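In the numbering used here, the protein residues as written are 0 to 161.
Here the structure comes first, spelled out in structure tokens, and everything after it is commentary.
Now the structure itself:
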């Protein structure tokens with residue numbers, strides 16, 4: 000996975016009545032989403048480059064990756080699209096501890112119910128984490144929510160024992 004953030008002076012896509020979400024069939028693995036919440040920050044689109052595309056683009060110089068992103072974004076929004084005022088990226092492809100992505104999928108011996116089983120686990124051991132959260136899965140918000148849920152269950156169990 001490569002995650003890129005493109006910051007713009009104005010949300011040009013919204014000004015055209017568009018939501019900023021683009022999924023490409025060619026190249027497969029390229030997705031843009033509107034990540035600029037109306038919080039006073041400059042509007043932004045986040046690009047995800049996944050799978051074989053991420054591995055291919057990770058081998059390119061940064062300037063070429065950025066040109067590729069803009070070329071494909073202009074395919075979706077037109078040549079008159081403004082240039083971003085800022086671009087940043089995180090390349091997870093060969094990250095030594097993540098295995099290529101910034102989140103994970105829990106699977107124990109191929110058990111399709113591994114997440115539900117860990118989240119429902121009872122007794123003195125509780126599991127919590129971003130990958131077993133019931134919302135914001137795979138992100139810090141999910142880890143926090145999952146941790147709070149696990150603590151609430153522990154407190155509830157302790158109260159019921161007394």
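C-beta: ideal position from N, C-alpha, C; glycine also.
Since this is a predicted model, take the numbers as computed values, not measurements.
**Inter-residue Cα distance where the pair is residue 7 and residue 35** = If you number the chain shown from 1, residue 7 lands on position 8. If you number the chain shown from 1, residue 35 lands on position 36. Going by the C-alpha atoms only, they are around 9 Å apart.
**Asked** Apart from the five residues just before and just after residue 81, which ones in its own chain have a Cβ nearer than 8 Å to its Cβ?
**Response** Here residue 81 refers to the residue found at position 82 of the chain shown. Result list for residue 81: 7, 8, 9, 11, in chain order.
**Message:** I'd like the span of the alpha helix (DSSP H) that includes residue 149, first residue to last.
**Reply:** Position 150 of the chain shown holds residue 149. From DSSP, the alpha helix (DSSP H) with residue 149 extends over 139 to 160.
**Message:** Relative to the C-alpha of residue 1, which candidate in 22, 41, 51 has its C-alpha closest?
**Reply:** Stepping through the chain shown from its first residue, residue 1 is reached at position 2. Taking only the C-alpha atoms, the option nearest residue 1 is 51.
**Segment contact, 8 Å Cβ cut-off, at least three pairs: the stretch 68 to 81 with the stretch 115 to 123** = no
**Asked** By a C-beta neighbour count over all protein chains shown, 10 Å radius and 16 as the cutoff for buried, is residue 131 buried or exposed?
**Response** Numbered from 1 along the chain shown, position 132 holds the residue referred to as residue 131. Result: buried.
**Item:** Range of the contiguous alpha helix (DSSP H) that encloses residue 14
**Value:** Here residue 14 refers to the residue found at position 15 of the chain shown. Element bounds for residue 14: 11 to 14.
**Item:** Cβ neighbour criterion (16 or more within 10 Å) applied to residue 64
**Value:** Walking along the chain shown from the start, residue 64 turns up at place 65. Classification for residue 64: buried.
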